[in-house]
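Peer 1:
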Amino acid sequence: MTANNLLPINCEILAITKTTAIENLYRVRFPHVDKVHNGQFLQLSVPGFGECAISITDFSVEEQWLEFLIRKVGLVTNQIFNLNVGDYLPMRGPYGKGFQIANYEGKHLAIVAGGSGLAPVRSLIKHFHANPQDLKSFELLLGFKDTDNVIFKSEIAEWEKQFPVIVTVDNPSGAPDEKTGLVTQYVSGLKTIKQDMNSVEVVIVGPPRMMEFTAKEFIKNGVPPEKIWVSFERRMSCAVGKCGHCRIDEVYVCLEGPVFNYAATAHLFD
Ligand SMILES: Cc1cc2nc3c(=O)[nH]c(=O)nc-3n(C[C@H](O)[C@H](O)[C@H](O)COP(=O)(O)OP(=O)(O)OC[C@H]3O[C@@H](n4cnc5c(N)ncnc54)[C@H](O)[C@@H]3O)c2cc1C
Ligand code: FES
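Counting in the numbering used here, the sequence shown runs without a single skipped number right up to 271 at its last residue.
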């Protein structure tokens, strides 16, 4: 957190990697990286244009950098795409409650991500990829629109050397061995749901409908709702619980989320 948690600090862009036609990966130098948790977000700003919330997709405390996967969709992100390595990007945060590593340690963990929903869980996946001894088992189920929209391909290839990874696409390319269809179709085949439910945890991140239907599929297959974690992307403004922009019913997503337990928040999907 910056000293004044509403005051942006200027962060130097260290690297930009084109990831898909409309997504770039940005690495920035960030002095307060020791305050960062998996699944949190920052408010990135472009003077004269505004701010937007972006999830931390990876970070290094030793090297003092954060990474963001940014999709070019509107006013602020269009401007960020005009920046180059060496330019400065103002940002404030980190904000929100992320994924609590301790909650998953010693468990059978399944992570399901849809499209760019992989970005907020990437640092969590990388943590357990580097520390496999901390889990009983680990598996990943990833859904994308088509092969051109698969993000972090080389990392997925590394992950699947260590634990089971299912990648499925909505629109088949015709490639041999390609899995197609929605992630919900693959839930009943996961090893995680065959385990003792006391030692199971499930993380689902993606568009709201995808999270809702995937959570319901896990519940249908015997996973208790309190074992399921989701991450909400709501429109943010202040990010510190003052403006009410992110509110769903009485819940302030910027303060209490973006990561929530499904049992407590299933009604927020309505
Ligand atoms: C906790 C959290 C984490 C997030 N993490 C990420 C992330 O990691 N990466 C990422 O890319 N995004 C992320 N987002 C989403 C990002 O904050 C939004 O996409 C943000 O709105 C982008 O800002 P912008 O100014 O570029 O786009 P905006 O100009 O706000 O446009 C956003 C969307 O609204 C539409 N829109 C804009 N103006 C109008 C209008 N007048 N009428 C109708 N529709 C309109 C646009 O077409 C676009 O689809 C996150 C959001 C939250 C809350
Ligand atoms: S974004 Fe202002 S209250 Fe949550």
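Built from N, CA and C at the ideal position, the CB exists for glycine as well.
Pop quiz: PRO165 and MET198 are said to be a contact at Cβ under 8 Å. What is the actual Cβ separation, rounded to whole angstroms?
Peer 2: About 19 Å separates the two Cβ atoms, so there is no contact after all.
Peer 1: Please report the distance separating the alpha-carbon of TRP66 from that of HIS33.
Peer 2: Rounded to the nearest angstrom, the two C-alpha atoms are 9 Å apart.
Peer 1: How would you label SER174, buried or exposed, when you count the other beta carbons within 10 angstroms and need 16 or more for buried?
Peer 2: Label assigned to SER174: exposed.
Peer 1: With DSSP as the reference, label VAL184 as helix, strand or coil.
Peer 2: The answer is helix: DSSP assigns VAL184 an H, G or I state.
Peer 1: Give the single residue among ALA216, VAL206 and TRP230 whose Cα lies nearest to the Cα of THR58.
Peer 2: With distances taken between Cα atoms, THR58 lies closest to VAL206.
Peer 1: Which residues end up in the neighbourhood of ligand 2 when you take C-beta atoms closer than 6 Å to any of its heavy atoms?
Peer 2: Spelled out in chain order, the answer is MET237, SER238, CYS239, ALA240, GLY242, LYS243, CYS244, GLY245, HIS246, CYS247, TYR253 and CYS255.
Peer 1: Quick check on the DSSP output: the alpha helix (DSSP H) that includes GLN41 runs from which residue to which?
Peer 2: Run containing GLN41: none; DSSP gives neither H nor E here.
Peer 1: Along the chain, where does the alpha helix (DSSP H) containing CYS255 start, and where does it finish?
Peer 2: Residues 254-257.
Peer 1: Specify, as a first and last residue, the run of the beta strand (DSSP E) that HIS109 falls within.
Peer 2: That run of the beta strand (DSSP E) goes 109-115.
Peer 1: Is DSSP giving PRO121 helix, strand or coil here?
Peer 2: In this structure, PRO121 counts as helix in the three-state DSSP scheme.
Peer 1: Nearest by alpha-carbon distance to THR78: which of PHE60, GLN44 and GLN186 is it?
Peer 2: Answer by Cα proximity: GLN44.
Peer 1: Hey, could you find the ends of the alpha helix (DSSP H) ILE205 is sitting in?
Peer 2: No alpha helix (DSSP H) holds ILE205; the beta strand (DSSP E) holding it covers 201-206.
Peer 1: Among HIS38, GLY51, PRO177 and CYS239, which has the Cα closest to the Cα of GLN101?
Peer 2: The shortest Cα separation from GLN101 among HIS38, GLY51, PRO177 and CYS239 belongs to HIS38.
Peer 1: How long is the line joining the alpha carbons of LYS127 and SER232, rounded to whole angstroms?
Peer 2: Between LYS127 and SER232, the C-alpha separation is close to 18 Å.
Peer 1: With hydrogens ignored, establish whether the beta-carbon of VAL77 is closer than 6 Å to any heavy atom of ligand 1.
Peer 2: Yes, the Cβ of VAL77 comes within 6 Å of a heavy atom of ligand 1.
Peer 1: Do three or more CB pairs link the stretch 233-249 to the stretch 132-145 at distances below 8 Å?
Peer 2: Judged by Cβ distances under 8 Å, the stretch 233-249 makes no contact with the stretch 132-145, as fewer than three pairs qualify.
Peer 1: Tell me which residues share the same chain as LEU256 and place their Cβ nearer than 6 Å to its Cβ, disregarding the 5 neighbours each side in the sequence.
Peer 2: Excluding positions up to five away in sequence, the list reads GLY242.
Peer 1: Any heavy atom of ligand 1 within a distance shorter than 6 Å of the CB on SER56?
Peer 2: Yes, the Cβ of SER56 comes within 6 Å of a heavy atom of ligand 1.
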